[in-house]
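Structure, as structure tokens:
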Amino acid sequence: MLVRIGRLLITGAIAACVTLSPRFAYAQGHGHAYGHGKQGGVTAGSGSATPLPASGAGARNFGVWLDDASVAAPGGGWMSVSFGYYRTDLFREFDVPVADAGVGLNKRAQFGFTVPVYNLNMAGAAPARGLGDLYLHSKIQLRDASHGFGYALVPIVEVASGVQAEGQRRVNWALPISMEVQRNEWRVYGATGYFSRGSLFASGALERAISSQLSITGTLSTSYSTKADVVPVPGLSRVRTDVSGGASYAVRPTWIVFGSLGRTISAHDENTTILSLSGGVTLNLAAPADVRTSQKKR
């Protein structure tokens, strides 16, 4: 069974908006899920110098994006380096490093990219290693969450690496709509949308500030594969649901360390993620001084 997964967040998004308090840095700006073969709720991307071995004739396209409605200040941004570990019945994958960076273009828009290096071990196959799929993601804020309820469009371009299976395109797109509600010590955010590879999804998160430095986050995501198998595979679900819990800690106002643990909670099949583990560090980059001064005058 060859399963192709789209970028998916189980870890939570990482810091992207330096204009907010560090307690909200863990999920400002973009979702995460990387790699080559990861399944459903904790993964993203496939593609390598060698296509994944198939144990059947079916195919599943799961993709989830978790995001908020906040954007980085113009000229500000973030740089992140992280890792991800994923275990299923079929394989184990360790992605390291995963590079992610972005910049605020203006007060309503930002742009970024994500790309991993994957290490894949599958039963009965030689280990595989290579550069994973590239994700180019932008965000267009339509309403600021500081007004009570915020929302944004998040256009995404997915550039698959390696050899593509028959009928699959190297370049695909996704269009999530993200939403966010902020309160004094907590916030709720999430996204819903479509991946052109054939996946409808919805995701949500609740984030709670424990202190000025520490925040905890719980996430729930579900994805529906819209494309039927060429040859039906008995017992293989077209729906994936995953949960995760994570935390972030502001070592310094601009340095954030984060980690999360998650798994699939829907019916067990060969797409099920038994365990996902991720962590990393993010550096928030301040906007130029003249931009910050201009914003304060407003």
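First residue of the sequence shown: 4, per the numbering used here; consecutive thereafter.
Cβ coordinates follow ideal geometry from the N, Cα and C atoms, glycine included.
- With three or more CB-CB distances shorter than 8 Å, the region 215–234 counts as touching the region 248–257.
- In this structure, the CA atom of Ser-149 is about 35 Å from the CA atom of Val-174.
- The beta carbons of Ala-290 and Ala-76 sit about 4 Å from each other, so the pair counts as a contact at 8 Å.
- The continuous beta strand (DSSP E) containing Phe-261 extends over residues 258–267.
- Relative to Trp-176, the option among Thr-285, Ile-159, Glu-169 whose CA is nearest is Ile-159.
- The beta carbons of Val-120 and Asp-98 sit about 7 Å from each other, so the pair counts as a contact at 8 Å.
- Your pair Ala-131 and Leu-93 does not check out as a contact, with CB atoms roughly 13 Å apart and the cut at 8 Å.
- Between the C-alpha atoms of Val-184 and Ala-231 there is a straight-line separation of about 36 Å.
- Between Asp-71 and the set Tyr-138, Leu-139, Arg-146, the nearest pair of CA atoms involves Arg-146.
- At the C-beta level, Val-106 and Phe-114 come within 8 Å of one another.
- No Cβ-Cβ contact shorter than 8 Å links Val-84 with Gly-265.
- Of the other Cβ atoms in all chains shown, 16 or more fall within 10 Å of the Cβ of Thr-117; this residue is therefore buried.
- Taking 8 Å as the cut-off, the beta carbon of Leu-239 is found closer than this to the beta carbon of Asn-274.
- With a beta-carbon spacing of about 4 Å, Thr-229 and Gly-201 fall inside the 8 Å limit used to define contacts.
- Proximity to Tyr-88 across Gly-66, Glu-96, Tyr-252 peaks at Glu-96, based on C-alpha coordinates.
- Judged by beta-carbon spacing, Leu-288 lies within the 8 Å limit of Gly-79, meaning their Cβ atoms are closer than that value.
- As summarised for the region 181–257, there are no continuous alpha helix (DSSP H) elements at least 4 residues long confined to that stretch.
- When secondary structure is reduced to three states using DSSP, Ser-85 falls in the strand class.
- Setting aside the 5 residues that flank it on each side, Gly-196 is surrounded in the same chain by Trp-68, Ala-177, Leu-178, Pro-179, Ile-180, Phe-204, each with a C-beta closer than 7 Å to its C-beta; the list follows chain order.
- In this structure, the straight-line span from the alpha carbon of Phe-152 to that of Val-166 is close to 43 Å.
- The shortest C-alpha to C-alpha distance from Leu-123 to any of Thr-91, His-271, Ile-277 is the one to Thr-91.
- In this structure, Val-242 lies away from Tyr-252, with their beta-carbon atoms at least 8 Å apart.
- Asn-64 counts as buried, since at least 16 other C-beta atoms from the protein chains shown sit within 10 angstroms of its C-beta.
- If you ignore the 5 residues before and after Gly-262, its C-beta comes within less than 7 Å of the C-beta of Gly-249, Ala-250, Ser-281, Gly-282, all in its own chain and listed in chain order.
- In this structure, Ile-268 lies near Thr-244, with their beta-carbon atoms less than 8 Å apart.
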